[in-house]
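Pasting the structure below:
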């Protein structure tokens, strides 16, 4: 639980730096390197992270996965005027692949869901994620092309349909935080 609180503070500090350290209200950008992407709902027995091994899945964070569990969060372009979020690409530091929304039904067969899996980074809209803050103070990621939220349920990463996205912090499967490699849980 200490890791969750510590990580929430790190997220707040990085987000504030990214949003305040710019000129004007637009042009926010993010470059966060070598972090694990941890899911709040999976963190009861220790943080669970997105791992890139033959497609992404969720498993306990830690050194066992090496670079397969480390991600860079890179601004695709500055945010649009009057929007308090940045559009990011989530790129694995080991494989150099980006989290990509695929036009396939996600795990569990949820109607309107989409599979999310690492693919070659190509700058396509299905690799762009709007990085926002949830009501609970964590991060949410939304893809505009397929109108889905990054979800960590079903032991996998997938896109949950927009009508069920985490608007009020009620779905911890869609709440994420950065966890530095080697951070104790």
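In the working numbering, the protein residues as written are -3 to 181.
All residues carry an ideal CB built from backbone N, CA and C; glycine is no exception.
For residue 98, there is no enclosing beta strand (DSSP E), as DSSP marks it with neither H nor E. Residue 170 sits in a helix when the DSSP states are folded into three classes. The Cβ-Cβ distance between residue 90 and residue 64 falls below 8 Å. Per the C-alpha coordinates, the member of 43, 52, 147, 93 positioned closest to residue 106 is 147. If you draw a straight line from the Cα of residue 128 to the Cα of residue 112, it is about 18 Å long.
A residue is called buried once 16 or more other Cβ atoms fall within 10 Å of its Cβ, and residue 116, having fewer, is exposed. Contact between residue 67 and residue 31 holds, since their C-beta atoms are separated by about 6 Å, short of 8 Å. In the three-state reduction of the DSSP assignment, residue 160 falls in the helix class, which pools H, G and I.
Of 118, 109, 151, the smallest CA-CA separation from residue 138 is found for 109.
In this structure, the beta-carbon distance from residue 35 to residue 47 does not fall below 8 Å.
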